[in-house]
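*Asks:* Here the working numbering is used: the first residue of the sequence shown is 571, the next is one more, and so on.
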Amino acid sequence: MERIVKMVMALLTIILLTAVIVYATFPYLNYFLGAFILYIIFRSLYHFFVMKTRLNKQLAAVLVIIISICVVLIPLYFLLGIIINEIQQLLLNQAFIITSIRSENQFLTHYLSGMGIPTDVLQKQVQERVMSIGSEAVNYTSKFILGSIQILSQQSIGLLIMYFLFYYLLTGEDSIFAHKIYAAVPFNEENTSTLLGEFRRIVRTTMISNGAVALFQGAILTITFLIVKIQGAFLWGSIATLLSFLPVFGSTLVWVPATIIEFLLGDYTAGSAILAAGVFVGIVDSFLRPMIQKRVGEIHPFLSLIGIILGVSLFGFIGIIIGPLLLSYFILTLEMFSKEYLSDME
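1) Assuming glycine 877 is part of the alpha helix (DSSP H), what are its boundary residues?
2) Do valine 773 and alanine 843 have their C-beta atoms closer together than 8 angstroms?
3) Quick one: grab the DSSP three-state call for glutamate 768.
4) Apart from the five residues just before and just after asparagine 780, which ones in its own chain have a Cβ nearer than 6 angstroms to its Cβ?
5) Can you tell me where the alpha helix (DSSP H) with proline 827 in it begins and where it stops?
6) Helix, strand or coil for isoleucine 800, going by three-state DSSP, please let me know.
7) Would you grab the beta carbon distance between valine 826 and leucine 791 for me? Rounded to a whole angstrom, and I think it's under 8 angstroms.
8) Would you identify the three-state DSSP class for asparagine 655, choosing helix, strand or coil?
9) Tell me, to the nearest whole angstrom, how far the beta carbon of phenylalanine 769 is from that of isoleucine 610; I am working on the premise that it is less than 8 angstroms.
10) Please state whether DSSP places serine 624 in a helix, a strand or coil.
11) Closest to leucine 895 by CA distance: which of Gly742, Gly767, Thr741 and Gln787 is it?
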C-alpha cells in the first residue's frame with residue numbers, strides 16, 4: 571500500500587512539474603519544435619562534416635547552423651517581407667477592392683435582370699458591403715502593422731532559443747543527458763526507437779514529398795500571377811504553396827476562385843492563363859507526389875488532412891509538420907501501450 575501511495579505521489583509530482591515547464595515554455599513551443607525539425611533535416615549533413623571531413627563537433631554544428639540560416643531563414647525573411655508589403659498594398663488599395671466587387675455586382679445584376687429577378691435589394695447590400703470593407707481594410711492594416719512591431723522582439727528571442735537548442739541537439743547526440751532522456755521514455759527500447767523513427771519519417775515525408783510538390787505548385791502559380799499582373803502575386807502564390815500540403819483540395823482553393831474572378835471581371839486572358847496553370851500543376855501533382863512518396867514514404871491522406879488542420883490551429887505554420895506527427899504518435903502510443911502493457915494482463 572505504501573509503495574502505491576509513493577508511486578501516485580511521484581506521478582503527481584511529474585505531472586505538476588511537466589505542467590509548469592509546458593506553461594513556462596509555451597510561448598516558445600514552436601521554436602522548440604522548429605529546432606527538432608531542423609535537427610532531423612540537417613542531421614545527415616552534420617554527420618558528413620564530422621565523419622567525412624573530420625571537423626570537430628562544435629565547428630561542424632556552427633557550419634550547419636550557418637548553412638540552415640542561408641537556406642531557410644534568409645530566403646524566408648525576404649519572402650515574408652514581400653508578402654507583408656503586398657498585404658499592406660492590397661488592404662490600402664481600396665479602389666481595387668471596391669472596383670472588383672462592383673464589377674461582380676454589375677455582372678450579377680445584368681444576369682438577374684435578364685431573368686426578371688429584381689435587383690434593387692442586391693445593389694443596396696453591395697454598396698453597404700463596399701463601405702464596410704473599406705473601413706475594415708484600414709483598421710486591419712493598422713492593427714497588422716502594430717502587431718508585427720509588438721511580436722518582433724519575441725520572434726528574435728524565439729529564433730535565438732531555436733538555434734541554441736539546434737546546436738546542442740547536434741553536439742549532444744551521444745551525451746549523458748541524451749541517454750537519460752532516451753531512457754526516460756516509458757516504453758521498451760524497440761518501441762522507443764520506433765517513436766524516433768516515426769518522427770524522422772513524418773518530417774522527411776512532409777518536407778521532401780509534400781514540400782517539393784507544394785513548392786512546385788506555388789512557384790508555377792506565382793509566376794503565372796506575375797505574368798498576368800495579379801495584384802499580390804507572391805501572397806497568393808505563398809497561400810497556394812501552404813494549401814498544397816492539404817490532400818485532395820490543395821492549391822485549387824486558390825487558382826479556381828482566381829480564375830472565376832478574372833472571368834467575372836472580363837479578363838479572359840488572365841482567367842485562361844490561371845486555369846491552364848492550375849490544370850497543369852494538378853496533372854503534375856498526380857504523377858510527382860506518388861513518385862516521391864515511393865522513395866521517402868507517405869502519409870495517409872485522412873491522417874494528413876486532419877493532422878494539418880489540427881496542427882495549424884494549435885501551432886501555426888509549423889503545424890503542417892507537427893499536426894500529422896501528433897496524430898501518428900497518438901495512434902502509435904495506443905498500439906505500443908496495448909502491446910507492451912495490456913497484452914501481459916491477458
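Glycine included, C-beta positions come from ideal geometry on N, C-alpha and C.
*Replies:* Once the coordinates are examined:
1) The residue labelled residue 877 in the question sits at position 307 within the sequence shown. Here the alpha helix (DSSP H) through glycine 877 covers 871–885.
2) Start at 1 with the first residue of the sequence shown, and residue 773 comes out as number 203. Start at 1 with the first residue of the sequence shown, and residue 843 comes out as number 273. Contact flag unset, no.
3) The residue labelled residue 768 in the question sits at position 198 within the sequence shown. Helix.
4) Taking the first residue of the sequence shown as 1, we reach residue 780 at position 210. Counting only Cβ-Cβ distances below 6 angstroms, and skipping sequence neighbours, we find Phe815.
5) Walking along the sequence shown from the start, residue 827 turns up at place 257. That run of the alpha helix (DSSP H) goes 822–834.
6) As a first step, residue 800 must be located in the sequence shown, where it is residue number 230. Note: isoleucine 800 maps to coil in three-state DSSP.
7) For the purposes of this step, residue 826 is taken as the residue at position 256 of the sequence shown. For the purposes of this step, residue 791 is taken as the residue at position 221 of the sequence shown. Incorrect: roughly 11 angstroms between the Cβ atoms, too far for contact.
8) As a working mapping, residue 655 is identified with position 85 in the sequence shown. If DSSP states are grouped into helix, strand and coil, asparagine 655 belongs with the helices.
9) As a first step, residue 769 is located in the sequence shown; it is residue number 199 there, counting from the start. As a first step, residue 610 is located in the sequence shown; it is residue number 40 there, counting from the start. That belief holds up - the Cβ atoms of phenylalanine 769 and isoleucine 610 are roughly 7 angstroms apart, short of 8 angstroms.
10) One-based indexing of the sequence shown puts residue 624 at position 54. The sequence given here has arginine at residue 624, not serine. It is coil, neither helix nor strand.
11) For the purposes of this step, residue 895 is taken as the residue at position 325 of the sequence shown. Ranking the options by Cα distance to leucine 895, first place goes to Gly767.
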